Amino acid sequence: MTFNKRIKNEIDHFTHLPEIWWGAKTAAGQKRYDNKSKIFKKLCKIDKNKKVLEIGAGYGEFTKRILDSEAQIIATDVTPKVVKSCQKKFKNKDIKFKVEDSNNLSFKSNSFDVVCGISILHHVDAEKTLKECYRVLKKGGNIFFTEPNLLNPHILLGLNIPWIRSKMEYSDDETALIRWEVEKLLKKIGFKKIHVRNYDFLHPKTPKRMIPYIERIGEYLEEIPIIKEISGSLVIYAVK
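The numbers in our numbering rise by one with no breaks, and the one at position 170 of the sequence shown is 173.
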């Protein structure tokens, strides 16, 4: 398998990045994964008859939350070290892990009911990856992604101020997405029933006792025009 320079940089970055990456193991970080998995199950309606492809699975934080669906899941990541870790961690589970480049998937066309990923598109060439998602999806199949929102002040500053970027352990090519640009790209590729919405005002380092309050405030802010545009994440859903 050959990779372009950007993918090679991402492999190197995540090979040396600790498993407990920024904010993922905090109480709020775990709650964010719980919330994303609930939204995924509601929108995609996965069950034992569905074949699901997860790209950019990382160390399996999202993966482990969708195993109870009993769907046929293939989880992929471009970093061999990460895939080996997951194969060991999930060795007693009914799931397959593979090393895959999301810009050039090895799977046959029209082979999956759902393609999903958490915080992956901003690490890769989003257009190439989404075109591959479209290719491997069956007709009527859907995609589900959550991605960092470039208009969020914290993310915007982190990506553009060098010392903050370094502290937050962003990779050299890492960026973030903007809602209407994602909508335009999905339409260009051929997706239908496109739904990209602002979501998540819960910062990963929110103290545990404050999580319920911040979530309630966030649900309110997500409905306010203009204010919602600075949410922490975007939920992306579309149908082939």
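Built from N, CA and C at the ideal position, the CB exists for glycine as well. None of the values given here were measured: they were computed from a predicted structure.
Run of the alpha helix (DSSP H) containing residue i, from where it starts to where it stops
{"i": "Leu46", "result": "Ala30 to Cys47"}
{"i": "Val86", "result": "Pro83 to Lys92"}
{"i": "Lys191", "result": "Arg182 to Ile192"}
Coarse secondary structure for residue i, derived from DSSP in three states
{"i": "Ile69", "result": "helix"}
{"i": "Ile239", "result": "strand"}
{"i": "Ile214", "result": "helix"}
{"i": "Ile227", "result": "coil"}
{"i": "Lys131", "result": "helix"}
{"i": "Ile220", "result": "helix"}
{"i": "Ile158", "result": "helix"}
{"i": "Leu124", "result": "helix"}
{"i": "Tyr137", "result": "helix"}
{"i": "Pro21", "result": "With a pLDDT of only 49 at Pro21, under 50, the local geometry of the prediction cannot be trusted, and no value is derived from it."}
Minimum C-alpha distance to residue i - residue among the options
{"i": "Thr132", "options": "Ile58, Lys231, Asn38 and Asp97", "result": "Ile58"}
{"i": "Ile76", "options": "Ile220, Asp50, Lys87 and Gly193", "result": "Asp50"}
{"i": "His157", "options": "Asn52, Thr178 and Val86", "result": "Thr178"}
{"i": "Gly143", "options": "Ile197, Phe204 and Tyr62", "result": "Ile197"}
{"i": "Lys96", "options": "Gly120, Asp116, Leu70 and Phe115", "result": "Leu70"}
{"i": "Lys48", "options": "Val117, Glu225 and Ser236", "result": "Val117"}
{"i": "Ser122", "options": "Ala30, Glu232 and Arg35", "result": "Arg35"}
Beta strand (DSSP E) segment containing residue i, residue limits
{"i": "Gly143", "result": "Leu140 to Pro151"}
{"i": "Phe100", "result": "Lys99 to Val102"}
Opposing strand residues paired with residue i [DSSP bridges]
{"i": "Glu57", "result": "Ala78 and Cys119"}
{"i": "Tyr202", "result": "Ser236"}
{"i": "Lys195", "result": "Val242"}
Is the segment 206-215 touching the segment 179-189, taking contact as three or more C-beta pairs under 8 Å? no
Is it true that the segment 97-111 meets the segment 73-81, where meeting means three or more beta-carbon pairs spaced less than 8 Å apart? yes
When you compare the segment 231-241 with the segment 146-158, are there three or more beta-carbon pairs, one atom per stretch, that lie closer than 8 Å? yes
Counting Cβ pairs closer than 8 Å, one from the segment 83-96 and one from the segment 53-73, do we hit at least three? yes
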